[in-house]
Amino acid sequence: MSTPGRSSPPDGDAALRAVTGLAARLSGTVVVGIALFVLWQAWPALQAVGPLRFVTDAGWHPLAQPAQFNLLPMLVASVAVTLGAMLLAGPLGLFTAIFMTDYAPPALARLLRGVVELLAGVPSVVYGLWGLVTLVPLLAAWQPPGASLLAGILVLALMILPTMVLASHAAIAGVAAEHRLTVAALGFSCAGSLWGVLLPAARAGLCGALLLSTTRALGETMAMLMVTGNVARMPDSLFAPARTLTANIALELAYAMDRHRAALFVGGLLLTALVLALVRLARGLGCAWRHA
Amino acid sequence: MSIHSLPTTTCAEPVPQTALQALDLTVRYRGRAALRGVNLTVADGSVTALIGPSGCGKTSFLNCINRMTDLIAGCEVSGTLSLFGEDVLTDGSNLLALRRRVGMIFQRANPFPLSIRRNLDLPLREYGIRSASERAGRLEQALRDVGLWREVIDRLDDPALALSGGQRQRLCIARAIALEPQVLLMDEPCSGLDPHATAAIEDLIHGWHGRYTVLIVTHNLAQARRVSDHTAVFWLQDGAGTLVEHGPTGALFAAPRHPVTADYVAGRAG
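See the structure below:
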């Protein structure tokens with residue numbers, strides 16, 4: 001039995017401090033560990049081939065003699081599908097979230113939320129399957145071959161839409177109730193309060209929503225592998241087949257050896273660097289908007 | 293706009309215009325009365341203190357005047373309430389226009405998480421003032437009126453949330469008066485402030501006599517005596533708040549007519 005003495009609360013404090021500290025250290029170590037592991041695995045290729053050839057070689061032919069290691073087409077494809085998907089899902093998700101928070105009757109808002117959560121729960125391979133058997137044939141009938149950047153963009157947009165909606169909804173709904181009261185008391189119109197106060201007040205959360213959706217899109221592998229056509233060539237139009245960095249790793253890692261394997265890790269390193277750059281960019285943007 | 297004069301006058305001075313008149317005003321939340329049968333007439337340009345214990349309908353009364361009650365689910369207002377002769381409670385009345393005529397200051401100073409400049413500029417813009425120079429002029433005047441201009445002149449683009457509590461509240465007041473309202477509703481505007489900041493806000497209220505019609509909810513009886521011309525005492529009766537006594541502040545504190553007022557102002561109840 002514990003007595004209400006001096007020792008029990010500090011004991012609890014010490015335990016909590018130890019547990020949280022351990023968890024934080026573990027999380028940090030794992031992340032840094034993975035990044036270092038990727039760098040370590042990529043190192044032989046960076047040493048033997050040189051970093052420059054990963055963007056200047058004539059193509060991606062890791063098994064040819066001499067081998068070629070141009071990752072640029074895959075990098076471009078990854079960035080293009082992500083950018084395209086964000087251009088579609090970003091505004092769509094934001095406006096859906098605004099409608100859910102500020103305009104929809106409660107019953108409709110609940111229904112919408114349920115549907116979006118369902119969408120978030122669908123595994124990516126199912127989206128890929130749908131893209132492969134429904135979307136790609138439709139596109140093929142219009143602009144062959146169908147499996148293309150555009151197919152990737154459309155499937156990816158659908159996949160990140162729930163993340164975008166739910167995270168923006170949380171950000172907008174989280175704006176302090178007092179700001180809503182104040183804008184009402186000042187006689188703001190709905191549009192005025194939304195653009196002038198509520199969205200700026202929610203900007204940190206909205207930045208987070210964008211970042212979360214973008215990184216999710218960048219990292220998506222399975223669905224992209226199924227609908228983009230996987231041709232490791234620089235795409236010259238939206239209808240051209242392409243291969244993303246993620247799909248490249250998934251496709252070739254099973255049989256890659258030596259320098260080829262290390263070259264795939266260079267792709268992983270590129271992805272990691274891209275995500276890091278995005279996080280920095282988002283942080284910069286968040287700061288710039290802070291006092292707008 | 294029609295003009296109503298006070299029903300009875302005993303002095304020879306010009307009759308002040310009636311700013312606000314409530315007749316049998318009742319507020320219900322989900323069917324339960326929170327405020328019942330309030331009759332109150334407020335003269336234009338006067339300062340009225342609403343006093344009484346918590347939960348007796350003072351804030352509900354304020355919320356009726358700019359129809360903030362509309363934002364509360366299950367809230368129902370009956371009776372009549374007119375502002376300079378215009379009915380406030382009818383559905384057809386222009387809510388945005390009403391809220392621009394009636395400014396509101398909340399208990400917790402709540403500047404938007406934007407810059408100081410933007411906090412004032414945004415409502416003016418929303419009010420339809422297109423000219424940037426006119427907005428800048430009004431911004432400066434409002435900040436001067438609340439005595440904040442000198443304190444913030446070199447940091448107008450800094451975040452408003454970096455201001456101190458008293459400065460924040462004065463910024464919120466500036467934001468309200470920049471829209472040139474006729475009525476200011478103040479819901480315990482000083483309850484979170486230190487005595488120095490409180491004195492600054494009371495000085496402002498003193499300076500507003502004849503300019504704005506002020507209704508101020510306060511739990512600080514000394515403050516009610518200091519700032520108001522009239523005092524309205526709210527009390528809980530039969531489970532709902534109601535107005536038990538209303539009159540000139542000096543007379544009400546010196547010779548309260550209602551027994552609960554007497555106990556309350558003497559510190560024996562509430």
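Residue numbers (my numbering), protein chains in the order written: chain Y, 1 to 292; chain U, 293 to 562. Glycine included, C-beta positions come from ideal geometry on N, C-alpha and C.
Limits of the alpha helix (DSSP H) - the one that residue i falls within
i         : result
Cys-168/Y : What sits at residue 168/Y in the sequence shown is Ser, not Cys. 149 to 173 is the extent of the alpha helix (DSSP H) around Ser-168/Y.
Glu-537/U : Here Glu-537/U belongs to no alpha helix (DSSP H); instead the beta strand (DSSP E) covers 532 to 540.
Ala-466/U : 457 to 469
Gly-329/U : Per DSSP, Gly-329/U belongs to no alpha helix (DSSP H); it is in the beta strand (DSSP E), 324 to 335.
Phe-95/Y  : 72 to 98
Asp-437/U : 424 to 437
Asp-495/U : 487 to 499
His-179/Y : 177 to 185
Asp-413/U : 408 to 418
Backbone CA spacing between residue i and residue j [nearest angstrom]
i         : j         : result
Ala-292/Y : Arg-560/U : Because Ala-292/Y sits at a pLDDT of 40, beneath the cut-off of 50, its placement in the model cannot be relied upon, and the following sentence gives the value as read from the coordinates. Roughly 51 angstroms separates the two Cα atoms.
Arg-17/Y  : Asp-11/Y  : 10 angstroms
Ala-262/Y : Gln-68/Y  : 13 angstroms
Ser-374/U : Leu-312/U : 6 angstroms
Met-86/Y  : Ala-157/Y : 7 angstroms
Leu-416/U : Leu-471/U : 7 angstroms
Thr-228/Y : Gly-366/U : 53 angstroms
Gly-59/Y  : Ala-209/Y : 36 angstroms
Gln-459/U : Arg-409/U : 14 angstroms
Ala-15/Y  : Gly-28/Y  : 20 angstroms
Val-482/U : Ile-508/U : Just to set this straight, residue 482/U is Cys in the shown sequence, not Val. C-alpha separation (whole angstroms): 10 angstroms.
Ile-469/U : Leu-166/Y : 38 angstroms
Gln-309/U : Tyr-504/U : 12 angstroms
Ile-153/Y : Glu-368/U : 50 angstroms
Thr-372/U : Val-475/U : 18 angstroms
Ala-120/Y : Val-394/U : 45 angstroms
Asp-182/Y : Thr-333/U : One detail in the question is off: residue 182/Y reads as Thr in this sequence, not Asp. Distance between the alpha carbons of Thr-182/Y and Thr-333/U: 26 angstroms.
Ala-335/U : Met-164/Y : 53 angstroms
Ala-45/Y  : Leu-225/Y : 24 angstroms
Gly-21/Y  : Phe-37/Y  : 24 angstroms
Pro-200/Y : Ala-170/Y : 14 angstroms
Ala-42/Y  : Leu-198/Y : 45 angstroms
Leu-94/Y  : Ala-532/U : 44 angstroms
Pro-299/U : Leu-544/U : Residue placement at Pro-299/U is poorly supported in this model, since its pLDDT is 49, which falls under 50; the coordinates still yield a value, given next. Computed Cα separation, rounded: 20 angstroms.
Glu-432/U : Arg-359/U : 29 angstroms
Contact with chain U by residue i, beta-carbon distance below 8 angstroms
i         : result
Thr-182/Y : yes
His-291/Y : For His-291/Y, the pLDDT reaches just 42, beneath the cut-off of 50, and the residue's location in the model is therefore unreliable, although a value from the coordinates is still provided. It does: the Cβ of His-291/Y has a partner Cβ on chain U nearer than 8 angstroms.
Gly-284/Y : no
Gly-192/Y : yes
Ser-189/Y : yes
Val-227/Y : no
Glu-220/Y : no
Leu-108/Y : no
Ala-173/Y : no
Glu-178/Y : yes
Ala-132/Y : Per the sequence shown, residue 132/Y should be read as Leu rather than Ala. False, the Cβ-Cβ gap to chain U never drops below 8 angstroms.
Leu-138/Y : no
Ala-170/Y : no
Leu-186/Y : yes
Among the options, the one whose alpha carbon lies nearest that of residue i
i         : options                                    : result
Ser-213/Y : Leu-26/Y, Ala-173/Y, Ala-282/Y             : Ala-282/Y
Gly-337/U : Arg-462/U, Gly-349/U, Cys-348/U, Ser-520/U : Ser-520/U
Phe-404/U : Gly-50/Y, Leu-194/Y, Gly-114/Y             : Leu-194/Y
Val-122/Y : Leu-269/Y, Gln-47/Y, Ala-223/Y             : Ala-223/Y
Arg-216/Y : Pro-66/Y, Leu-26/Y, Leu-271/Y, Tyr-103/Y   : Leu-271/Y
Thr-102/Y : Asp-236/Y, Asp-258/Y, Ser-168/Y            : Reading off the sequence shown, one finds Asp at residue 102/Y, where the question assumed Thr. Minimum Cα distance to Asp-102/Y is reached at Ser-168/Y.
Asn-248/Y : Ser-237/Y, Gly-114/Y, His-260/Y            : His-260/Y
Ile-497/U : Gly-439/U, Tyr-321/U, Leu-535/U            : Gly-439/U
Val-319/U : Asn-411/U, Val-557/U, Gly-349/U            : Gly-349/U
Cβ of residue i within 8 angstroms of any chain Y Cβ
i         : result
Pro-415/U : yes
Phe-398/U : yes
Arg-273/U : The structure shown has nothing for residue 273/U, since chain U only spans 293 to 562.
Leu-332/U : no
Leu-455/U : no
Leu-327/U : no
Ala-311/U : no
Boundaries of the beta strand (DSSP E) in which residue i is found, first to last residue
i         : result
Gly-395/U : 394 to 397
Gly-371/U : 367 to 375
Asp-446/U : Unbroken run through Asp-446/U: none, as it is neither H nor E.
Thr-318/U : 310 to 321
Inset, instruction - Note down, in chain order, all residues in the region 358 to 377 of chain U with a beta-carbon under 8 angstroms from any beta-carbon belonging to chain Y. - result: Asn-358, Met-360, Leu-363
Inset, instruction - Scan the region 192 to 212 of chain Y for residues whose Cβ lies nearer than 7 angstroms to a Cβ of chain U and list them as they occur along the chain. - result: Gly-192, Gly-196, Val-197, Pro-200, Ala-201
Legend entry - Under 8 angstroms (Cβ pairs) to chain Y, residues found in the region 402 to 431 of chain U: Asn-402, Phe-404, Pro-405, Leu-406, Ser-407, Arg-410, Leu-414, Pro-415, Arg-417, Glu-418, Tyr-419
Legend entry - Proximal residues, the region 384 to 395 of chain U versus chain Y, C-beta separation under 9 angstroms: Leu-387, Leu-388, Ala-389, Leu-390, Arg-391, Arg-392, Arg-393, Val-394, Gly-395
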